[in-house]
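With this note's numbering as the guide, the letters of the sequence shown map in order to residues 146 to 287.
Have a look at the structure below, then the notes.
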Amino acid sequence: MLNMKEYKIYSISLSTIVHATEDKEKVKSAIFNIIPRNLVNKFTINEVNVKGHYGNPITILNLEINNPDIANEIFEFIIKSISKEELTLIKNNPSLYCDDRSIFLRIDKQYAYLGTIKLSFLDDVIKIKINVLNPLVLLSKL
Numbered sequence: 146m147l148n149m150k151e152y153k154i155y156s157i158s159l160s161t162i163v164h165a166t167e168d169k170e171k172v173k174s175a176i177f178n179i180i181p182r183n184l185v186n187k188f189t190i191n192e193v194n195v196k197g198h199y200g201n202p203i204t205i206l207n208l209e210i211n212n213p214d215i216a217n218e219i220f221e222f223i224i225k226s227i228s229k230e231e232l233t234l235i236k237n238n239p240s241l242y243c244d245d246r247s248i249f250l251r252i253d254k255q256y257a258y259l260g261t262i263k264l265s266f267l268d269d270v271i272k273i274k275i276n277v278l279n280p281l282v283l284l285s286k287l
């Protein structure tokens with residue numbers, strides 16, 4: 146298994162959009178289900194209220210973790226929670242999941258609310274950005 150101490154993860158951000166038809170507290174719960182339980186009370190999710198393309202109210206939720214030790218702990222939790230098939234998908238398709246400084250994951254919002262971390266290519270997702278030293282090397286070790 147991957148030794149997370151060998152890799153430098155600087156920060157992690159989790160963000161999503163809450164539409165007017167969604168329960169904001171449930172969406173917050175979905176975000177918190179992506180991080181270890183022992184860390185949930187240490188963070189506050191930032192909220193920004195905006196208008197959608199057609200004037201509909203939208204809330205953007207964002208959780209920023211800038212402590213490298215905690216970011217590493219969260220990344221390890223996410224990696225251990227994703228299915229082996231999805232890890233293989235990430236590893237075999239690095240151009241879909243990273244650039245030269247970051248790894249990008251899109252987690253199904255509904256599954257996250259139910260406590261399962263599952264990748265999604267749809268729009269209703271929680272976006273995760275992991276800032277890391279040499280993401281291609283890290284992905285190859287998954």
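Yeah, the Cβ is synthetic: ideal placement off N, Cα and C, and Gly gets one too.
Residues of the same chain with a CB within less than 8 angstroms of the CB of residue 196, apart from the 5 flanking positions on each side, are 202 and 203 in chain order. Under the criterion of beta carbons closer than 8 angstroms, residue 277 and residue 152 qualify as touching, at roughly 6 angstroms.
For residue 189, the secondary structure class from DSSP, reduced to helix, strand or coil, is coil. Residue range 247-253 is occupied by the beta strand (DSSP E) that includes residue 253. Per DSSP, the unbroken alpha helix (DSSP H) holding residue 240 starts and ends at 239-242. Collapsing the DSSP output to three states places residue 263 in coil. Boundaries of the alpha helix (DSSP H) harbouring residue 283: 280-285, taken from the DSSP string. Taking the Cβ atoms as the reference, residue 222 lies roughly 5 angstroms from residue 181, within the contact range of under 8 angstroms. Rounded to the nearest whole angstrom, the CA to CA distance from residue 194 to residue 252 is 22 angstroms.
For residue 213, the secondary structure class from DSSP, reduced to helix, strand or coil, is helix. For residue 152, the three-state secondary structure derived from DSSP is coil.
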